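Residue numbers (the numbering used here), protein chains in the order written: chain P, 2 to 217; chain F, 2 to 217; chain S, 2 to 217; chain H, 2 to 217. Idealized CB from N, CA, C, for every residue including glycine. Nothing here was measured: the structure is a model prediction, and the numbers come from that model.
Number of protein chains: 4
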Amino acid sequence: MEQWIAEMLQLNDSESKMTDKQLKIIEAAVEIFSTKGFAASSTSEIAQKAGVAEGTIFRHYKTKKDLLLSIVTPMMARLIAPFILKDFNKVLNSAYPNYEDFLRALIKNRMEFARHNLPIIKIMLHELPFQNDLNQQFKEHIASKVIHRMKEITDHFQKEGQIIPLPSPVVIRLSVTVLIGFLFARFLLLPELDWDEEQEIEFTIDFIMHGLAPRN
Amino acid sequence: MEQWIAEMLQLNDSESKMTDKQLKIIEAAVEIFSTKGFAASSTSEIAQKAGVAEGTIFRHYKTKKDLLLSIVTPMMARLIAPFILKDFNKVLNSAYPNYEDFLRALIKNRMEFARHNLPIIKIMLHELPFQNDLNQQFKEHIASKVIHRMKEITDHFQKEGQIIPLPSPVVIRLSVTVLIGFLFARFLLLPELDWDEEQEIEFTIDFIMHGLAPRN
Amino acid sequence: MEQWIAEMLQLNDSESKMTDKQLKIIEAAVEIFSTKGFAASSTSEIAQKAGVAEGTIFRHYKTKKDLLLSIVTPMMARLIAPFILKDFNKVLNSAYPNYEDFLRALIKNRMEFARHNLPIIKIMLHELPFQNDLNQQFKEHIASKVIHRMKEITDHFQKEGQIIPLPSPVVIRLSVTVLIGFLFARFLLLPELDWDEEQEIEFTIDFIMHGLAPRN
Amino acid sequence: MEQWIAEMLQLNDSESKMTDKQLKIIEAAVEIFSTKGFAASSTSEIAQKAGVAEGTIFRHYKTKKDLLLSIVTPMMARLIAPFILKDFNKVLNSAYPNYEDFLRALIKNRMEFARHNLPIIKIMLHELPFQNDLNQQFKEHIASKVIHRMKEITDHFQKEGQIIPLPSPVVIRLSVTVLIGFLFARFLLLPELDWDEEQEIEFTIDFIMHGLAPRN
DNA sequence: AATGAATGAGGATTCATTCAT
DNA sequence: CATGAATGAATCCTCATTCAT
Chain P
2 MEQWIAEMLQ
12 LNDSESKMTD
22 KQLKIIEAAV
32 EIFSTKGFAA
42 SSTSEIAQKA
52 GVAEGTIFRH
62 YKTKKDLLLS
72 IVTPMMARLI
82 APFILKDFNK
92 VLNSAYPNYE
102 DFLRALIKNR
112 MEFARHNLPI
122 IKIMLHELPF
132 QNDLNQQFKE
142 HIASKVIHRM
152 KEITDHFQKE
162 GQIIPLPSPV
172 VIRLSVTVLI
182 GFLFARFLLL
192 PELDWDEEQE
202 IEFTIDFIMH
212 GLAPRN
Chain F
2 MEQWIAEMLQ
12 LNDSESKMTD
22 KQLKIIEAAV
32 EIFSTKGFAA
42 SSTSEIAQKA
52 GVAEGTIFRH
62 YKTKKDLLLS
72 IVTPMMARLI
82 APFILKDFNK
92 VLNSAYPNYE
102 DFLRALIKNR
112 MEFARHNLPI
122 IKIMLHELPF
132 QNDLNQQFKE
142 HIASKVIHRM
152 KEITDHFQKE
162 GQIIPLPSPV
172 VIRLSVTVLI
182 GFLFARFLLL
192 PELDWDEEQE
202 IEFTIDFIMH
212 GLAPRN
Chain S
2 MEQWIAEMLQ
12 LNDSESKMTD
22 KQLKIIEAAV
32 EIFSTKGFAA
42 SSTSEIAQKA
52 GVAEGTIFRH
62 YKTKKDLLLS
72 IVTPMMARLI
82 APFILKDFNK
92 VLNSAYPNYE
102 DFLRALIKNR
112 MEFARHNLPI
122 IKIMLHELPF
132 QNDLNQQFKE
142 HIASKVIHRM
152 KEITDHFQKE
162 GQIIPLPSPV
172 VIRLSVTVLI
182 GFLFARFLLL
192 PELDWDEEQE
202 IEFTIDFIMH
212 GLAPRN
Chain H
2 MEQWIAEMLQ
12 LNDSESKMTD
22 KQLKIIEAAV
32 EIFSTKGFAA
42 SSTSEIAQKA
52 GVAEGTIFRH
62 YKTKKDLLLS
72 IVTPMMARLI
82 APFILKDFNK
92 VLNSAYPNYE
102 DFLRALIKNR
112 MEFARHNLPI
122 IKIMLHELPF
132 QNDLNQQFKE
142 HIASKVIHRM
152 KEITDHFQKE
162 GQIIPLPSPV
172 VIRLSVTVLI
182 GFLFARFLLL
192 PELDWDEEQE
202 IEFTIDFIMH
212 GLAPRN
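Set out below in structure tokens:
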């Protein structure tokens, strides 16, 4: 778990170098928050698991909540990374000649993302409903952007006649719903199953494509 | 909120009379648990909101956890009520000549259920990952039954050639995913929107039906 | 255990008839007080063990402390019963021609008493240091009487030259110490041992008699 | 005789990495436990008397029970210190040519011990019957060792013909009973009396020696 | 930067006692 | 008489946070 956390945080905080202890604290916090929930986790347990004195946590993070935010906030950005890449439009026009390819790329990309960031994603899911600031941050900066981009894409493929001309919120909802449903089943609900991911992905995409195919 | 709670608990405890205070406690607990999460809710706050001495809570529920279970456990049963109705088979064969009708009945039924039990459903969703006993209860008594029934239904309509002969777990996952995705969006993610439920339901069903239509 | 408790309390409260429930309460209290100590015993546990509602205890005994006193106080009187029998002087002069016989009678009598009242004796021992009123009661009404009588007896046998003419407090202390030490070992310290009581008593008396024999 | 004192103090010093506050806590706890009993003492009262926040107690002692044990357990060892000194055998053979001298040394030694540790001894006496772990600890590590040593000594002096050849448990019981009886009377039962300790000790030893003298 | 002792407000829970039924 | 629901003060204990070192 260490590498990707360091990596992830360096992305965001490229200038502020993390101490070794600081990293250990984040690692411990991620594990404990993700298994017990934020409210049920104690800073002393985190300190212990991090091999750090209790006070040390508060030298780096003013409050327990701060610690949470320092974990979840950067993850938010990465959650929508594929939707805000600068060359997304280019990609949109050239790389994905059809909705199916786009879906396949998206699903695979987010799948790897989920695979490597599962604990933090869990934390995010659990705390979004309770932490108002997180919730707002999510709605304002994340959801709106994803929806915006998805709308562009949907419009694009609808114009091309590739998918059914339903209102774009409906198309987005249906697509995303199935996509997230798959990830949810794969990683959260039944992670212990022996999934044939390739095949499931194809079933899933095929399902969406037929569901959204223009009616004749 | 009072009526349906009373109703719900009368279902379960038709003989055991709840005190007035006990009911107040449950109501307060439901509201507080659902807005702050179990771990972040304090019994003293519950007592205050219920207009009851804190000790009174513990006269009726040995533990805070007990109070949670007394709220969530009966809800579990009702969660799958439509799947274990005695006359389900009859219904299956006669009332729903096709998968579409079945889906429509199911989606509408669960929609009403969600509408009337939203707070407790929230509690359930939030606590399932953290309360091991709840989780196990859910997997053993709820999920397995739903899956079992869904498999029967899927097999039935697959035999009739109404839906694509994919492995039933896949069919179930795709159907349920879309269904739950809709309920989730409607009631949890964007409840403040002005939904045209009838139309959304039709879009959703249409999407599933085309997604699962036999390929020619 | 029931009979002797009833008996004991009827001795004291010969006029006020105990309810069945009241008796049950006393029985339960004796058992629980003696195994957990007064402070660590809860009235609710007593009520439960007595098969009685919590409130019922307080109908008969105004406070938990009252309940304790109602158990211990009558036992106090019986503790010194042999020392205040009306015909004690007669007995003194006629029945016990020597100190040895007196000791033997005393030791056997108190032994039976201890055997039949062990739990209450335990309660008394444990609570005497903590309950000031009990303590005072004990010193004023019990200890002083025993000492007074013992002094008479000691004086008597010292005058007869049967025992060493030490100050009577010393003689009393040594005699009583050995006696109680034996009872303590027999019933409290090592009750599970297989005691040959007759022999131990003879050893004990012989020890005291030689220890107090006039020096030549 | 100073040796065991030195040793005893080393026992105490070795573990003293005590904070000032920690010491205050122990002092307060000893006083309150000894006057009200463990169960009737509240941690808040201890904290108050120690001039410390209540939380501080639990930083040093996980549990109220832990606090009790940290007071009583080391006292247990010191209770039998004179019986487990390494050079006890030497002492046995050389320093105490007769049982009387041994008794005198023992009684004086334990008397000083009692004088200086009265409150903790009280705590021990009160809690031994209720705290199972303490009880077991006492029986296994303390009582058995004392009895073992006493048996050696008794055997020794019986072989020399100095004391009556009764079964050693009887001899031990009688000796210890009188000794403890004296300490009990002196320090617990009638501490306010103006004791002539030297004389009482001599009376007591004389009593035992005559009681255990070989019959002719 | 790091520690860890100290804090005190707040946590869940227990308890003796009361009172309407 | 007996009940048992209700109480609220008190209990033991936890926790996030501070601060002197």
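**Prompt:** Are the C-beta atoms of residue 186 of chain F and some chain P residue less than 8 Å apart?
**Reply:** Counting from one through the second sequence, the residue named residue 186 of chain F turns up at place 185. Taking Cβ atoms only, chain P reaches closer than 8 Å to residue 186 of chain F, which makes this a yes.
**Asked** Where residue 27 of chain F and residue 55 of chain S are concerned, what is the direct C-alpha to C-alpha distance, given to the nearest angstrom?
**Response** Residue mapping note: residue 27 of chain F aligns to position 26 of the second sequence, counting from 1. Residue mapping note: residue 55 of chain S aligns to position 54 of the third sequence, counting from 1. The straight-line gap from Cα to Cα measures roughly 25 Å.
**Message:** Counting only Cβ pairs nearer than 8 Å, list the residues of chain S close to residue 174 of chain H.
**Reply:** Taking the first residue of the fourth sequence as 1, we reach residue 174 of chain H at position 173. Those within 8 Å of residue 174 of chain H in chain S are 182, 183 and 186.
**Asked** The alpha helix (DSSP H) spanning residue 79 of chain H covers which residue range?
**Response** Position 78 of the fourth sequence holds residue 79 of chain H. 65 to 80 is the span of the alpha helix (DSSP H), which, as asked, contains residue 79 of chain H.
**Prompt:** Any idea if residue 25 of chain P is buried or exposed, counting beta-carbon neighbours within 10 angstroms, 16 or more meaning buried?
**Reply:** Here residue 25 of chain P refers to the residue found at position 24 of the first sequence. Classification for residue 25 of chain P: buried.
**Request:** Would you grab the beta carbon distance between residue 172 of chain H and residue 213 of chain H for me? Rounded to a whole angstrom, and I think it's under 8 Å.
**Result:** Translated into positions along the fourth sequence, residue 172 of chain H becomes position 171. Translated into positions along the fourth sequence, residue 213 of chain H becomes position 212. Taking a contact as a CB-CB distance under 8 Å, the pair residue 172 of chain H and residue 213 of chain H counts as one, their CB atoms being some 6 Å apart.
**Prompt:** With burial defined as no fewer than 16 other Cβ atoms inside 10 Å of the residue's Cβ, what is the status of residue 208 of chain F: buried or exposed?
**Reply:** To locate residue 208 of chain F, count along the second sequence from 1; it is residue 207. Flag for residue 208 of chain F reads buried.
**Message:** Quick check on the burial criterion: 16 or more other C-beta atoms within 10 angstroms. Buried or exposed for residue 149 of chain S?
**Reply:** Here residue 149 of chain S refers to the residue found at position 148 of the third sequence. Its Cβ having fewer than 16 others within 10 Å, residue 149 of chain S is exposed.
**Item:** residue 186 of chain F in three-state terms, based on DSSP
**Value:** Within the second sequence, residue 186 of chain F is the residue found at index 185, counting from 1. Here residue 186 of chain F sits in helix by DSSP.
**Message:** For residue 163 of chain S and residue 137 of chain H, what's the separation of their Cα atoms in angstroms?
**Reply:** As a working mapping, residue 163 of chain S is identified with position 162 in the third sequence. As a working mapping, residue 137 of chain H is identified with position 136 in the fourth sequence. Distance between the alpha carbons of residue 163 of chain S and residue 137 of chain H is about 44 Å.
**Item:** Neighbouring residues, chain S, relative to residue 167 of chain H (Cβ below 7 Å)
**Value:** Position 166 of the fourth sequence, counting from 1, holds the residue named residue 167 of chain H. Neighbours of residue 167 of chain H in chain S, taken as residues at a C-beta separation under 7 Å, are given in chain order as 204.
**Request:** Please work out which residues of its chain come closer than 8 Å, Cβ to Cβ, to residue 193 of chain F, disregarding the five sequence neighbours upstream and downstream, and give them in chain order.
**Result:** Stepping through the second sequence from its first residue, residue 193 of chain F is reached at position 192. Once the five neighbours on either side are set aside, residue 193 of chain F has no close Cβ partner at all.
**Request:** Assign residue 117 of chain H to buried or exposed, taking buried as 16 or more other Cβ atoms, counted over all protein chains shown, within 10 Å of its Cβ.
**Result:** Locating residue 117 of chain H in the fourth sequence gives position 116, where the first residue counts as 1. Counting Cβ neighbours within 10 Å, residue 117 of chain H comes out exposed, since fewer than 16 surround it.
**Request:** In the DSSP assignment, find the unbroken alpha helix (DSSP H) run with residue 289 of chain S in it and report its ends.
**Result:** For chain S, the structure presents residues 2 to 217; residue 289 of chain S sits outside this window and is missing.
**Asked** Would a check of beta-carbon distances place residue 212 of chain F closer than 8 Å to chain P?
**Response** Counted from its first residue, the second sequence places residue 212 of chain F at position 211. So, interface residue.
**Prompt:** CB residue 22 of chain F to CB residue 57 of chain F, shorter than 8 Å?
**Reply:** As a working mapping, residue 22 of chain F is identified with position 21 in the second sequence. As a working mapping, residue 57 of chain F is identified with position 56 in the second sequence. Their beta carbons are under 8 Å apart, which means residue 22 of chain F touches residue 57 of chain F by this criterion.
**Request:** Tell me, please, whether the region 142 to 158 of chain S touches the region 140 to 147 of chain H by the rule of three or more beta-carbon pairs shorter than 8 Å.
**Result:** no
**Message:** Just to check my reading of the structure: residue 106 of chain H and residue 97 of chain H have Cβ atoms closer than 8 Å, yes? What is that Cβ distance to the nearest angstrom?
**Reply:** As a working mapping, residue 106 of chain H is identified with position 105 in the fourth sequence. As a working mapping, residue 97 of chain H is identified with position 96 in the fourth sequence. Contact holds; Cβ gap of about 7 Å.
**Request:** Would you identify the three-state DSSP class for residue 44 of chain H, choosing helix, strand or coil?
**Result:** Counted from its first residue, the fourth sequence places residue 44 of chain H at position 43. In this structure, residue 44 of chain H counts as helix in the three-state DSSP scheme.
**Message:** Alpha carbons only, please: which of F/110, F/48 and F/216 is nearest the one belonging to residue 1 of chain F?
**Reply:** Since the displayed chain F opens at 2 and closes at 217, residue 1 of chain F lies outside it and no answer follows.
**Prompt:** In the region 114 to 157 of chain P, which residue ranges form an unbroken alpha helix (DSSP H) of at least 4 residues, counting only runs that do not cross its ends?
**Reply:** 119 to 128 and 133 to 138
**Prompt:** Can you tell me where the alpha helix (DSSP H) with residue 24 of chain F in it begins and where it stops?
**Reply:** On the second sequence, residue 24 of chain F is found 23 positions in, with the first residue counted as 1. Segment 21 to 37, the alpha helix (DSSP H) holding residue 24 of chain F.
**Same chain, Cβ closer than 6 Å to residue 130 of chain S, neighbours up to 5 away in sequence not counted** = Position 129 of the third sequence, counting from 1, holds the residue named residue 130 of chain S. Correct list: empty, nothing qualifies.
**Asked** How is residue 53 of chain F classed by DSSP in three states: helix, strand or coil?
**Response** Taking the second sequence and counting its residues from 1, one reaches residue 53 of chain F at position 52. Three-state result, residue 53 of chain F: coil.
**Closer than 9 Å at the beta carbon, the chain H residues around residue 37 of chain S** = Here residue 37 of chain S is taken as the residue at index 36 of the third sequence, counted from 1. Result: 40 and 131.
**Prompt:** residue 48 of chain F: which of F/199, F/35 and F/29 sits nearest, CA to CA?
**Reply:** Locating residue 48 of chain F in the second sequence gives position 47, where the first residue counts as 1. It is F/29.
**Request:** At 8 Å on the CB atoms, spell out the chain P contacts of residue 171 of chain F, in chain order.
**Result:** Here the question's residue 171 of chain F lines up with position 170 in the second sequence. Within chain P, the residues near residue 171 of chain F are 201 and 204.
**Item:** Residue burial classification, residue 85 of chain S (beta-carbon count within 10 angstroms, cutoff 16)
**Value:** For the purposes of this step, residue 85 of chain S is taken as the residue at position 84 of the third sequence. With fewer than 16 Cβ atoms within 10 Å of its Cβ, residue 85 of chain S is classed as exposed.
**chain H residues whose Cβ lies nearer than 7 Å to that of residue 209 of chain S** = On the third sequence, residue 209 of chain S is found 208 positions in, with the first residue counted as 1. Ordered by position in chain H, the residues that pass the 7 Å Cβ test against residue 209 of chain S are 212.
**Message:** If we define contact as Cβ-Cβ less than 8 Å, is residue 117 of chain H a contact residue for chain S?
**Reply:** As a position in the fourth sequence, residue 117 of chain H is number 116, starting the count at 1. So, not an interface residue.
**Prompt:** Cα-Cα, which of F/112, F/110, F/120 and F/169 is closest to residue 39 of chain F?
**Reply:** Taking the first residue of the second sequence as position 1, residue 39 of chain F is located at position 38. With distances taken between Cα atoms, residue 39 of chain F lies closest to F/120.
**Item:** Inter-residue Cα distance where the pair is residue 37 of chain F and residue 115 of chain H
**Value:** Stepping through the second sequence from its first residue, residue 37 of chain F is reached at position 36. Stepping through the fourth sequence from its first residue, residue 115 of chain H is reached at position 114. The alpha-carbon atoms of residue 37 of chain F and residue 115 of chain H are separated by roughly 57 Å.
**Item:** residue 156 of chain P versus residue 167 of chain P - alpha carbon distance
**Value:** Within the first sequence, the letter at position 155 stands for residue 156 of chain P. Within the first sequence, the letter at position 166 stands for residue 167 of chain P. If I take the Cα positions, the gap works out to 10 Å.
**Item:** Where residue 4 of chain F falls: helix, strand or coil (DSSP)
**Value:** Within the second sequence, the letter at position 3 stands for residue 4 of chain F. For residue 4 of chain F, the predicted model reports a pLDDT of 49, less than 50, meaning its position is unreliable; a value from the coordinates is still stated below. Note: residue 4 of chain F maps to helix in three-state DSSP.
**Prompt:** Any residues in the region 133 to 155 of chain S with a beta carbon nearer than 7 Å to a beta carbon of chain H? Which ones, in chain order?
**Reply:** none
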